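*Asks:*
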Amino acid sequence: MSQKIQTLGEFIIENQTSFKYSSGELSSLLNSIRLAAKIVNHDVNKAGLVDIIGAAGEINVQGENQQKLDVYANEKFIQTLIKRNIVCGIASEEEDDFISVNSQDENHQNKYVVLIDPLDGSSNIDVNVSVGTIFSIYRRITPVGTPVTLQDFLQKGNKQVAAGYIVYGTSTMLVYTTGDGVNGFTLNPAIGSFYLSHPNMEFPEDGHIYSVNEGNYLQFPQGIKSYIKYCQKDEEDRPYTSRYIGSLVSDFHRNMIKGGIYMYPQSSKSPNGKLRLLYECNPMAFLAEQAKGKASDGFNRILDIQPTELHERVPFICGSKNMVEKCEEFMREA
Numbered sequence: 004m005s006q007k008i009q010t011l012g013e014f015i016i017e018n019q020t021s022f023k024y025s026s027g028e029l030s031s032l033l034n035s036i037r038l039a040a041k042i043v044n045h046d047v048n049k050a051g052l053v054d055i056i057g058a059a060g061e062i063n064v065q066g067e068n069q070q071k072l073d074v075y076a077n078e079k080f081i082q083t084l085i086k087r088n089i090v091c092g093i094a095s096e097e098e099d100d101f102i103s104v105n106s107q108d109e110n111h112q113n114k115y116v117v118l119i120d121p122l123d124g125s126s127n128i129d130v131n132v133s134v135g136t137i138f139s140i141y142r143r144i145t146p147v148g149t150p151v152t153l154q155d156f157l158q159k160g161n162k163q164v165a166a167g168y169i170v171y172g173t174s175t176m177l178v179y180t181t182g183d184g185v186n187g188f189t190l191n192p193a194i195g196s197f198y199l200s201h202p203n204m205e206f207p208e209d210g211h212i213y214s215v216n217e218g219n220y221l222q223f224p225q226g227i228k229s230y231i232k233y234c235q236k237d238e239e240d241r242p243y244t245s246r247y248i249g250s251l252v253s254d255f256h257r258n259m260i261k262g263g264i265y266m267y268p269q270s271s272k273s274p275n276g277k278l279r280l281l282y283e284c285n286p287m288a289f290l291a292e293q294a295k296g297k298a299s300d301g302f303n304r305i306l307d308i309q310p311t312e313l314h315e316r317v318p319f320i321c322g323s324k325n326m327v328e329k330c331e332e333f334m335r336e337a
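Taking this note's numbering, I'd label the letters of the sequence shown as residues 4 to 337.
Dropping the structure here:
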């Protein structure tokens, strides 16, 4: 007899007791993210048919041109989280500052803050390449009953209680962890439900894929240049295959399934790296470690970095454990 396929909603309810703060709030929060993901997915999938692709004409806090779909996804996730009355604060890559949320019925009684990259890789939208959403959830550290402060968002990544991403690709998947392994759910568009399709996802210890924008090679530090040359060398189980989509969610997702390393190091143009610690690196590092992978800035564990500002950037190396450790070796030697 075939086993019943489990929906994301059923999985969240069934597994909420394994979470140490199992009050049901985190489950409601994950369900809100699921709902917003379905709304955004609907519009990502029809992007070529309506006037939702292309630049919005605005520059975000990162100094990047906002795409129309960036703005739309940002609005939908923020609206959905606020309306459900379960978060006390939201920080988005698209917003200059964090948003303090006052619960409607009780004064600032909610316990969770969400940090989100609403549409990662959005510059790929108008050429029909996979994009994604990345989210990170923390328990607030300021007293319940007061408005959130910057301190609630500037927590180390090792304090995350949940993190995940949605990849809008040939199929739409939601992948998340609450610190007890990583599970992936695929959307059945016919009925609008996510089903458990990838239980207990893990990085292979070794891989044969390296993902880096080699167009920036001349600007990279010597350690990264040496590691890239190592990947290309024809010996032992190498050369490795170069695969780079330019959408962190997509590159990470492929490498977790097939085995590989993703690198966005510092460069002479971006001395602190380009990816955001709070919206991209911390959630992906949490997922990587829960999937038996590793995430580093080249020298230090990503999850141990103390953030100092909301939109801080760091170098990011992430993927199969042995590959990341080999890259760190080259960084130290250089």
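Even glycine gets a Cβ: it sits at the ideal position worked out from N, Cα and C.
Remember, it's a predicted structure, so these values are computed and weren't measured experimentally.
Less than 9 Å between the beta carbons of Leu-122 and Asn-88, yes or no?
*Replies:* no
*Asks:* With DSSP run on the structure shown, which of helix, strand or coil describes Val-47?
*Replies:* helix
*Asks:* Are the Cβ atoms of Thr-149 and His-111 separated by less than 9 Å?
*Replies:* For Thr-149 and His-111, yes; Cβs fall inside 9 Å.
*Asks:* Report the three-state DSSP secondary structure of Ile-140 (helix, strand or coil).
*Replies:* strand
*Asks:* Can you pull the DSSP bridge partners for Thr-175?
*Replies:* For Thr-175, which the question treats as bridged, DSSP gives the partners Tyr-171.
*Asks:* With a cut-off of 8 Å on the beta carbons, I'd call Val-252 and Tyr-168 a contact; round off their distance for me.
*Replies:* 5 Å
*Asks:* Using only CA atoms, which one of Glu-331, Met-176, Gly-301, Asn-285 lies nearest to Cys-11?
*Replies:* Residue 11 is actually Leu in this sequence, not Cys. Ranking the options by Cα distance to Leu-11, first place goes to Met-176.
*Asks:* Can you say whether Thr-20 is buried or exposed, counting buried as having 16 or more other CB atoms within 10 angstroms of its CB?
*Replies:* So Thr-20 ends up on the exposed side.
*Asks:* Does Val-188 pass the burial test, meaning 16 or more other C-beta atoms within 10 Å, or should it be called exposed?
*Replies:* Here residue 188 turns out to be Phe, not Val, going by the sequence shown. Answer is buried; the Cβ neighbour count reaches 16.
*Asks:* So what's His-211 in DSSP terms, helix, strand or just coil?
*Replies:* coil
*Asks:* For the structure I just gave you, are there three or more beta carbon pairs, one from the region 286-303 and one from the region 178-188, closer than 8 Å?
*Replies:* yes
*Asks:* Determine the burial state of Asp-183: buried for a count of at least 16 other Cβ atoms within 10 Å of its Cβ, exposed for fewer.
*Replies:* exposed
*Asks:* To the nearest angstrom, how far is the alpha carbon of Val-43 from that of Ile-308?
*Replies:* 31 Å
*Asks:* Among Met-259, Ser-214, Val-215, whose alpha-carbon lies nearest the alpha-carbon of Asn-203?
*Replies:* When each option's Cα is compared against that of Asn-203, the closest is Met-259.
*Asks:* Give me the Cβ distance between Leu-32 and Ile-140, rounded to the nearest whole Å; I'm assuming they're in contact under 8 Å.
*Replies:* 6 Å
*Asks:* CA-CA distance, Cys-284 and Asp-99?
*Replies:* Taking the straight line from one Cα to the other gives about 19 Å.
*Asks:* DSSP beta-bridge partners for Arg-279?
*Replies:* Answer is Arg-316.
*Asks:* Using three-state DSSP, classify Leu-122 as helix, strand or coil.
*Replies:* strand
*Asks:* Can you tell which of Glu-332, Asn-113, Lys-159, Asn-48 has its C-alpha closest to the C-alpha of Ser-125?
*Replies:* Asn-48
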